[in-house]
Every structure is written in C-alpha cells, then in structure tokens.
Amino acid sequence: MIGNLSKRHPQDSARIDIHEDWEVRYWSDRWQVSRRQLIDTAKRVGFQVSEVAKALGKSA
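Reading the sequence shown from the start, the letters are residues 65 to 124 in this note's numbering.
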C-alpha cells in the first residue's frame, strides 16, 4: 500500500491545494521548484495549475 501513496495524483488536476502537504510535494517535485516557491507563486497568481505553471515558466 505504501507504494501507492507515492503515485498519488491531485483529485482536481486543475487546481493546487496548498493545504495538502502531499499535493504541494507532488507539484513542487513535478516542476522542480521549492515548496516555498510553489506556495508563494500560487498565492500570488491563484491556484489554477495552468496559471501557476505559467508563472513558474513550466508546462502544466
């Protein structure tokens, strides 16, 4: 079962939930940015994956 936890994907693939630690890890790992950078960017541009990706210069 533990192996399945590492393959988790966000329930809502269009939005980032910065209150879910595993989801912050998922997106920061995917885009290779720090946790702080991801959270700060999401707070600045909103929580839509496409907007955060664009602000970080990454692809959604």
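Using N, Cα and C, we set each Cβ at its ideal position, and we do this for glycine too.
Short of 8 Å from the beta carbon of residue 123, and not among the five residues preceding or following it, lie these beta carbons of its own chain, in chain order: 117. Taking C-beta atoms under 8 Å as the contact rule, residue 92 and residue 102 qualify, at a distance of about 5 Å.
Residue 76 and residue 99 have their C-alpha atoms roughly 19 Å apart. Where residue 103 is concerned, the enclosing alpha helix (DSSP H) starts and stops at 99-109.
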